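Protein chains in written order, with my numbering: chain A, 1 to 407; chain B, 1001 to 1257; chain C, 2001 to 2271.
Cβ atoms here follow ideal geometry from the backbone N, Cα and C, with glycine treated the same way.
A quick note: this is a predicted structure, and the numbers were derived from the prediction, not measured.
The structure appears right after this line, and notes come after that.
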Amino acid sequence: MRHTPRRRWAALTSVAVVGALALTACSSSSSSSSSSAAPESSAAESSAAPESSAAESPAAAECTTPTPVSLQLQWVAQAQFAGYYAAKELGYYDEQCLDVTILEGGVDIVPQTVLAQGGADFAISWVPKALASIEQGAAITNVAQVFQRSGTLQVSFADKGITTAADFKGKKIGNWGFGNEYEVFAAITKAGLDPAADVELVQQQFDMAALLNGEIDAAEAMTYNEYAQVLEAINPATGALYTPEDFNVVDYNEEGVAMYQDAIWASTERLADPAYQELTQKFVTASLQGWIHCRDNAQECADIVLAAGTKLGASHQLWQMNEVNKLIWPSPAGVGIIDAALWEQTVAVALTTKNLEGATIITGEPPAEAYTNQFAEAANAELTAAGLNTTGDAFAPIAVTLAEGGN
Amino acid sequence: MGARLRSIWPPVLIAVLALAAWQLLVVVRNIPPYLLPSPSLIAGNFFKDISLMWGAAFYTGTSALLGLMFGTFLGVLAALLAQRFIVVNNLITPLAAGLAAVPIIALTPILNNMFNITSRTPRVLVTTIIVFFPIFVNVIRGLVQVQPVQLELMRSMNASPRTVLRILRIPNAIPFFFTGMKVAAPLAVIAALVAEYFGGPQEGLGSRIASNAANTAYGRAWAYVAAAIITGLLFYVIVILLERWVAPWTSRPRPAS
Amino acid sequence: MTTTTSDLAVQAQGIWKVFNAGLANEVTALQDIDLVVGRGEFVSLIGPSGCGKSTLLRVIADLTDATQGSLQVAGMSAAQARQEQRYGIAFQQAALFDWRTVRRNVELPLELQGWDKGRRQARAMELLEMVQLADFADHRPWELSGGMQQRVAIARSLAVDPPLLLMDEPFGALDEMTRERMQNELLRIRQETGKSIIFVTHSIPEAVYLSDRVVVMSPRPGRITDVIPVSLGERDDDTREAESFFESVTAVREALRGNPSSPARARVGEV
Chain A
1 MRHTPRRRWA
11 ALTSVAVVGA
21 LALTACSSSS
31 SSSSSSAAPE
41 SSAAESSAAP
51 ESSAAESPAA
61 AECTTPTPVS
71 LQLQWVAQAQ
81 FAGYYAAKEL
91 GYYDEQCLDV
101 TILEGGVDIV
111 PQTVLAQGGA
121 DFAISWVPKA
131 LASIEQGAAI
141 TNVAQVFQRS
151 GTLQVSFADK
161 GITTAADFKG
171 KKIGNWGFGN
181 EYEVFAAITK
191 AGLDPAADVE
201 LVQQQFDMAA
211 LLNGEIDAAE
221 AMTYNEYAQV
231 LEAINPATGA
241 LYTPEDFNVV
251 DYNEEGVAMY
261 QDAIWASTER
271 LADPAYQELT
281 QKFVTASLQG
291 WIHCRDNAQE
301 CADIVLAAGT
311 KLGASHQLWQ
321 MNEVNKLIWP
331 SPAGVGIIDA
341 ALWEQTVAVA
351 LTTKNLEGAT
361 IITGEPPAEA
371 YTNQFAEAAN
381 AELTAAGLNT
391 TGDAFAPIAV
401 TLAEGGN
Chain B
1001 MGARLRSIWP
1011 PVLIAVLALA
1021 AWQLLVVVRN
1031 IPPYLLPSPS
1041 LIAGNFFKDI
1051 SLMWGAAFYT
1061 GTSALLGLMF
1071 GTFLGVLAAL
1081 LAQRFIVVNN
1091 LITPLAAGLA
1101 AVPIIALTPI
1111 LNNMFNITSR
1121 TPRVLVTTII
1131 VFFPIFVNVI
1141 RGLVQVQPVQ
1151 LELMRSMNAS
1161 PRTVLRILRI
1171 PNAIPFFFTG
1181 MKVAAPLAVI
1191 AALVAEYFGG
1201 PQEGLGSRIA
1211 SNAANTAYGR
1221 AWAYVAAAII
1231 TGLLFYVIVI
1241 LLERWVAPWT
1251 SRPRPAS
Chain C
2001 MTTTTSDLAV
2011 QAQGIWKVFN
2021 AGLANEVTAL
2031 QDIDLVVGRG
2041 EFVSLIGPSG
2051 CGKSTLLRVI
2061 ADLTDATQGS
2071 LQVAGMSAAQ
2081 ARQEQRYGIA
2091 FQQAALFDWR
2101 TVRRNVELPL
2111 ELQGWDKGRR
2121 QARAMELLEM
2131 VQLADFADHR
2141 PWELSGGMQQ
2151 RVAIARSLAV
2161 DPPLLLMDEP
2171 FGALDEMTRE
2181 RMQNELLRIR
2191 QETGKSIIFV
2201 THSIPEAVYL
2211 SDRVVVMSPR
2221 PGRITDVIPV
2231 SLGERDDDTR
2241 EAESFFESVT
2251 AVREALRGNP
2261 SSPARARVGE
2271 V
């Protein structure tokens, strides 16, 4: 018996194992959801057809068989997606004759890939990540830009004196990696620093422990999530919760490098189909109606999300609902409508910002089909006609008291 | 030497055929990169960014090497103690088995919170823990599984237990040690790599793979995977060479009759 | 002819060995064994499986304790004899260490006795020359045939020059031709060194060819049933074909079948 060929086979097997393990540990669930590519609406087409142009109130026509629709979220159930949960809970989707299933996301789930492969009818995704997918061949279209502002902050203890990106120099700057680091890089580059040499970049876990432990100087945080986490933590020096005065924040909107975030994406190919177009219109209208309700009824929507099984506490959800509202409202042109200048800014940052590998998010301009305001505008018209305010010009955020641990 | 070359070509041929089939599939079926990048795209990314590949591989490889060394040292030490003291054996073996069952993805966040996340320490610790078990299990087997006739021989020569350990058990255990190393070395690379998914410095292969995958840049992600495979293979080959040098008797040919 | 105790290689009286005493699987491996081996004598132990021959050898070697009885090896207790290296032993497996060269395997007992390197090497080469394997000193055990490995094992057993050799079917795994060659080797070594040898075997011709006396044992319980003296004089290749050889072989065979030719003899010199 010779050992050598066996060893070569063993080596080759270990090659496959290393490769498979490395990728499966972080790859998306794309392979699992690649089965269904046919639109679910085909069977319900006949029942959806008789619904003529929706008149004054959003869809009151008879609904025999609701069309099944799936929505892939970007993360787990939380107030960041309250509009959709509200639309489902309050019957707005039902009124549009839609039976919506909301699919929670996670670390390994890439929502735009799920959408592109037919694993869902719609997906929520940040624009830069979706642009990257589009460039790699995923055919998706932005049909409603829900979040008008970026919610990304860099949070640090006040005594570090980090108030702008220029203050990052020589500090340990945390970011989440996984493609969420570009705004940080863009701000660093814009401030004239070299990310590789002038800043020590550290990947954070999805909690604020590293900041609170002093292991990093500034942590990446979302206004509606991680920032609340530090305010829900007990300050060992005082024995009470931390207050906003204990921290400095660097707002990437103010740094001028903000990129569009949460938006509703649809399948570009299926948009050629009139039935899917109708489906998209109904979905967008009902979803935006949900967001309008959450603007005016923050506590109710926070409770709806809590009931949907979120792991975060009640005060944390209310905080999140309120902060998300601040990102959506006011929407000067109307909720869900894309501002061309901000889109250009997003594209510019995506084209020019290099990360540590010297790679940019995209290498070329996105195609024209990357976004459309058609559905958002029609939804605004429909909702305004129904007596709802779609710009939120009178919106005022509420005051939220956080409890320890977000409960 | 010729025989060894002759034994290489079948797996190499199969690998080449597999890559060709993959390339053909992507081209003919027009599969977009976000679903499945082609070997040519991956190779292109690999060579274009070769210095990045090398840098990331060096970083992760260093973590893996440190973890491998610590884990091996602890594993060998534990095996020696466990062979000598049955109490230690009864204590360590279930503990080691339990630790081996904890997946890397569960260990890492815990260690990240216990130790400074901005340093290499949590990753090296994860690797050390993962490496410990195969080394411990194999070395103790090698120390214990000596032929009864050899033990009788040693007793007939009035050898003390210390002498038996030095003269018989330890040399006997060397091939077993290398069996453990052949498992542990590629495992160390995998552990160091996977541990990078959970935070910390972002220069390594794991961080790069995750980051590029999240940005749908699968061509580059797979290029880093290729670098990871090469690193793992390198570790494995070094172990094999080490074994040939230290313990030539383990690959002995059939005895002449 | 009288012999003094110190002249005797082995003096065993009333040796019993019981395994698992008092339990359901109790086995009497040795029952009331009396055996005397004189200086320079070659004694074979022969019998079917379970007759206790290997157990008896191990009791003599102090590799296992006797349950009962008195035992003197080389004029001292078995344990002392082992501690003072008064015997060398060879088993059916050569049990050479793969990680050592042939010479270093032969050096092993000397190493354990604390001999310095130069003395060890010289003695090892001497022994290898005696078994005609000097050319293979730097080879590895696996490069040698089975017969050659056994010769190395025998060389090793002679390393400390003990007065007694214990051998447990050392040629059992070898083919017939190699076996006969090895038997000649062993007799030659014995003639050169004058050692006492206790030799366990399954083979009747082998026992007869090699021994001064053949001790026949039978199982359940293990005991000595007969002792056949063999007087064939100087052994050579013709001996195997001699009439007297076949007579002795027949005598042993009959004894094994349970038809003893003469009552069990235990003492030297009594025929």
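Environment of residue i [buried if 16+ CB atoms lie within 10 Å]
i        : result
I2189(C) : buried
I234(A)  : exposed
L2256(C) : buried
S2231(C) : exposed
S2070(C) : exposed
N2020(C) : exposed
K1048(B) : exposed
Q72(A)   : buried
Q154(A)  : buried
D2168(C) : buried
L402(A)  : buried
N213(A)  : exposed
T67(A)   : buried
When the options are compared against residue i, the one with the closest alpha-carbon
i        : options                                : result
P330(A)  : V127(A), P66(A), Q148(A)               : Q148(A)
A2078(C) : N1158(B), G1098(B), M1053(B), N1138(B) : N1158(B)
W1055(B) : W126(A), E357(A), G309(A)              : The sequence as given places Gly at residue 1055(B); Trp does not occur at that position. Of the candidates W126(A), E357(A), G309(A), the one whose C-alpha sits nearest the C-alpha of G1055(B) is E357(A).
A82(A)   : N180(A), A379(A), F206(A), T310(A)     : T310(A)
A386(A)  : D273(A), Q136(A), I292(A)              : I292(A)
F1132(B) : G1075(B), V1237(B), A1097(B)           : G1075(B)
V400(A)  : R270(A), K88(A), Q317(A), N380(A)      : Q317(A)
S2248(C) : G2075(C), Y2209(C), R2220(C)           : Y2209(C)
Y1034(B) : S1007(B), W1222(B), N1138(B), N1089(B) : W1222(B)
R2272(C) : E2129(C), E2107(C), L2096(C), G2075(C) : Because chain C is modelled from 2001 through 2271, residue 2272(C) falls outside the range shown and cannot be assessed.
C2051(C) : D2032(C), G2038(C), V2037(C)           : D2032(C)
S315(A)  : N325(A), A307(A), A302(A), A308(A)     : A302(A)
S156(A)  : D167(A), V146(A), S150(A)              : D167(A)
A2094(C) : L2008(C), G2172(C), H2139(C)           : G2172(C)
N180(A)  : E300(A), V249(A), V110(A), G364(A)     : V110(A)
T1175(B) : P1201(B), R1141(B), Q1202(B)           : It is Pro, not Thr, that sits at residue 1175(B) in the sequence shown. Of P1201(B), R1141(B), Q1202(B), the residue nearest in Cα terms is R1141(B).
Paired residues, beta bridge with residue i - DSSP
i        : result
I1174(B) : DSSP lists no partner for I1174(B).
S156(A)  : A218(A), N248(A)
G137(A)  : G137(A) is not bridged to any residue.
A2012(C) : L2035(C), L2071(C)
K2017(C) : L2030(C)
C-beta atoms of residue i and residue j nearer than 8 angstroms
i        : j        : result
A1064(B) : T1127(B) : yes
A1173(B) : L1143(B) : yes
A2137(C) : R2103(C) : yes
I162(A)  : V199(A)  : no
S287(A)  : A144(A)  : yes
T346(A)  : K354(A)  : no
V1189(B) : T1231(B) : yes
E220(A)  : N253(A)  : no
N1138(B) : F1177(B) : yes
A1191(B) : L1205(B) : no
P1037(B) : Y1218(B) : yes
T113(A)  : S70(A)   : no
S150(A)  : Q74(A)   : no
F2091(C) : P2170(C) : yes
Q80(A)   : Y182(A)  : no
Assumed close pair residue i, residue j - CB separation to whole angstroms, cut-off 8 angstroms
i        : j        : result
V1124(B) : L1187(B) : At roughly 14 angstroms, the Cβ-Cβ gap does not stay under 8 angstroms, so V1124(B) and L1187(B) are not in contact.
A228(A)  : G406(A)  : 7 angstroms
M2217(C) : I2224(C) : 6 angstroms
G290(A)  : Y92(A)   : 6 angstroms
I362(A)  : E89(A)   : Contact doesn't hold; Cβ gap of about 37 angstroms is too wide.
Y371(A)  : I328(A)  : Incorrect: roughly 17 angstroms between the Cβ atoms, too far for contact.
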